[in-house]
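J.:
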Amino acid sequence: MQSSRWLIGISLVLGILISINMTTGTQRISAVKLTGGYMEIVEEDVCSGALLRLTCRSLRAFIFVLQAEFHRKSTKTCGSSVRAEKRAAQWYNYNSGIRKTITIELRGNYLKDEDDESGPVVDLRKSFNRKCSGQHHCRFTVAEDHPGGAHWPTADLRLKYACIPEGAVKRYCNTEVRINRGEAGYIKSPGYPLYYPGEYACGWAFKTAPGQRVVLQFHDFNIRSPEADGNCEDLIRIQDSGQTIFESCGTRIGTRIVSNSNQLTLKLISSSRVYPARGFLLKYEAVGCPETHAPDGSFVANDTSETRTFQCRTGNIFPDTRMPTKTVKCQQGAWNETIEHLPNCVATSATILKAESENTRLSSLSGDNTLGQGVRIGRGESADSNFNMDPAAPAMIKQSDYVIDVLLPTILMALLFVGNAVIVYLIFQYRKRKIPLTAEREEMRELADVPQV
2 MQSSRWLIGI
12 SLVLGILISI
22 NMTTGTQRIS
32 AVKLTGGYME
42 IVEEDVCSGA
52 LLRLTCRSLR
62 AFIFVLQAEF
72 HRKSTKTCGS
82 SVRAEKRAAQ
92 WYNYNSGIRK
102 TITIELRGNY
112 LKDEDDESGP
122 VVDLRKSFNR
132 KCSGQHHCRF
142 TVAEDHPGGA
152 HWPTADLRLK
162 YACIPEGAVK
172 RYCNTEVRIN
182 RGEAGYIKSP
192 GYPLYYPGEY
202 ACGWAFKTAP
212 GQRVVLQFHD
222 FNIRSPEADG
232 NCEDLIRIQD
242 SGQTIFESCG
252 TRIGTRIVSN
262 SNQLTLKLIS
272 SSRVYPARGF
282 LLKYEAVGCP
292 ETHAPDGSFV
302 ANDTSETRTF
312 QCRTGNIFPD
322 TRMPTKTVKC
332 QQGAWNETIE
342 HLPNCVATSA
352 TILKAESENT
362 RLSSLSGDNT
372 LGQGVRIGRG
382 ESADSNFNMD
392 PAAPAMIKQS
402 DYVIDVLLPT
412 ILMALLFVGN
422 AVIVYLIFQY
432 RKRKIPLTAE
442 REEMRELADV
452 PQV
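Quick note on the numbering used here: the sequence shown kicks off at 2 and runs consecutively.
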């Protein structure tokens, strides 16, 4: 008799411990600073059979779900000793039999969930968004609030949600959103999460610095479902430089849009004045680093959102690394090196030797050593060794080219013109003096022919 009482007492204690474990689980809270306040992020590992309470401590904050994963092969938080083989059999029976015979009718916009739930991890964000997103507090049970969840065996549920202040969320449309470096923000459609309006233009224009890209992450997306023919009566359209890159309706989770330029436009198009669906909640941010100019003597050889590689032109190198290429990395919206302070490309020794030999040959032809005290390189050095070029050498080489190619020919042409002019002048003077002498001789001859009286 006494032993039976002990057994009853032990079973009650175990039941209480299991119930406490299923209800509380493991919870972690962190905070993220936003422009309009602090956003709390709550992470929980709980049992799927428990009643889940999602609560924001601030009355001026609302919930949006970041992660909700059902791990059917893990039961650490459930305090259950059900064997893996038995749980696998339960899951198989659910997938093969019960799920095919159950018809779930959902009202409004929640029609026919086609998500694959046969894997070891099932994403429950759609169900959590439908029940909890946009609310200040929420109660959720997998058995009651997820289609078919009543026939699932209990297992671990990993939940992560945020409580975001109302003041940190933009809620008015037809505005321009400028995204500065390192900033991020949130936008919700007017009326979220009860309805969204229509019959007038409702849009947002996102813009960041040239060279950066705009990222839109939809945490909740619930627009009127498409018609039977697949056409969307209401939709969200996103355009990049006038080109449509996204257009959709219905219910989505985790949709991420990345622009190709530094500008994006989003439009909510609705055919009715008010429609009873949640609308959307999204996060916007800028990725990549601002546009920069390549150092003198180089060009951009490779450009991604994370790195940029500069390539010196043939025969040139970067003096600090003695390499023809230099790669900078984009870290948190800024380059790890100041682009404006990067050294310009300089010539290698082989290039300098070639230029010096050519100019020496030209100078010997002109009889004037225009290089003067330019760069001198020991002939015993390797022509392939790299070192910095004398800053005055390029100017001296250019000056030598100017003298040989422009100034000297000009002087020779001028001398030819002057010489020709002198010759023409002498010929003219000679002919001018010859004509009067001839006339005088003819007059004297005429006088001699006159008879004397």
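Just so you know, even glycine gets a beta-carbon here, dropped at the ideal spot from N, CA and C.
Between the Cα of Gly-183 and those of Val-215, Pro-194, Phe-141, spot the shortest distance and give me the residue it belongs to.
T.: The shortest Cα separation from Gly-183 among Val-215, Pro-194, Phe-141 belongs to Val-215.
J.: Leaving out the 5 sequence neighbours to the left and right, which residues in its chain are closer than 8 Å to Arg-6 when beta-carbon positions are compared?
T.: Confidence at Arg-6 is low in this model, with a pLDDT of 49, below 50, so its placement is unreliable and the value that follows should be read with caution. The beta carbon of Arg-6 is closer than 8 Å to none in its chain, skipping five residues each way along the sequence.
J.: Per the DSSP calculation, Asp-221 is bridged to which residue(s)?
T.: Asp-221 is bridged by DSSP to Leu-282.
J.: On the three-state DSSP scale, how would you describe Arg-126?
T.: helix
J.: Which whole-angstrom value describes the C-beta separation of Ser-49 and Ala-156, a residue pair presumed to lie in contact below a C-beta threshold of 8 Å?
T.: 5 Å
J.: So, helix, strand or coil for Glu-184, using DSSP?
T.: Correct three-state label for Glu-184: coil.
J.: Count the other CB atoms, across all protein chains shown, that sit within 10 Å of the CB of His-294; report buried if there are 16 or more and exposed otherwise.
T.: exposed
J.: Less than 8 Å between the beta carbons of Cys-139 and Leu-55, yes or no?
T.: yes
J.: Jot down the residue ranges of each uninterrupted beta strand (DSSP E) in the stretch 194-278, minimum 3 residues, whole runs only, in chain order.
T.: 203-208, 214-223, 236-241, 244-249, 257-259, 264-270
J.: State the start and end residues of the unbroken beta strand (DSSP E) segment that holds Asp-304.
T.: 299-304
J.: With H, G and I counted as helix, E and B as strand and the rest as coil, what does DSSP make of Pro-296?
T.: coil
J.: Assign Phe-207 to buried or exposed, taking buried as 16 or more other Cβ atoms, counted over all protein chains shown, within 10 Å of its Cβ.
T.: buried
J.: With distances taken between CB atoms, is the gap from Ile-246 to Ala-163 smaller than 8 Å?
T.: no
J.: DSSP three-state label for Gln-312, please.
T.: strand
J.: Using the beta-carbon count (16 or more within 10 Å), is His-342 buried or exposed?
T.: Exposed is the label assigned to His-342, since fewer than 16 other Cβ atoms lie within 10 Å of its Cβ.
J.: Return helix, strand or coil for Leu-53, following the three-state DSSP convention.
T.: Strand, per DSSP.
J.: Please go through the same chain and pick out, in chain order, the residues whose beta-carbon is closer than 8 Å to the beta-carbon of Pro-344, but skip the five residues on each side of it.
T.: Closer than 8 Å at the Cβ level, and outside the excluded window around Pro-344, lie Pro-296, Phe-319, Pro-320, Asp-321.
J.: I need the straight-line Cα distance from Thr-27 to Lys-77, nearest angstrom please.
T.: 11 Å
J.: Take Ile-224 as the anchor and find which of Val-423, Leu-125, Glu-44, Pro-191 has the nearest alpha-carbon.
T.: Nearest option by C-alpha distance: Pro-191.
J.: Taking 8 Å as the threshold, find out whether the stretch 232-240 comes into contact with the stretch 257-270 through three or more Cβ pairs.
T.: yes
J.: Within the continuous beta strand (DSSP E) that includes Asp-321, where are the two ends?
T.: Neither: Asp-321 is in no beta strand (DSSP E) and is coded neither H nor E.
J.: For Gln-430, is the classification buried or exposed, using 16 other Cβ atoms within 10 angstroms of its Cβ as the cut-off for buried?
T.: exposed
J.: Leu-67 and Lys-161: beta carbons closer than 8 Å?
T.: yes
J.: Go ahead and label Phe-311 buried or exposed: buried means 16 or more other beta carbons lie within 10 angstroms of its beta carbon, across all protein chains shown.
T.: buried
J.: Applying the criterion that 16 or more other CB atoms from any shown protein chain within 10 Å of the CB defines a buried residue, is Gln-213 buried or exposed?
T.: buried
J.: Whole-angstrom Cβ separation of Gly-255 and Tyr-193, contact assumed at under 8 Å?
T.: Between Tyr-193 and Gly-255 the Cβ distance is about 18 Å, and since that is not below 8 Å, they are no contact.
J.: Please go through the same chain and pick out, in chain order, the residues whose beta-carbon is closer than 7 Å to the beta-carbon of Glu-228, but skip the five residues on each side of it.
T.: Glu-234
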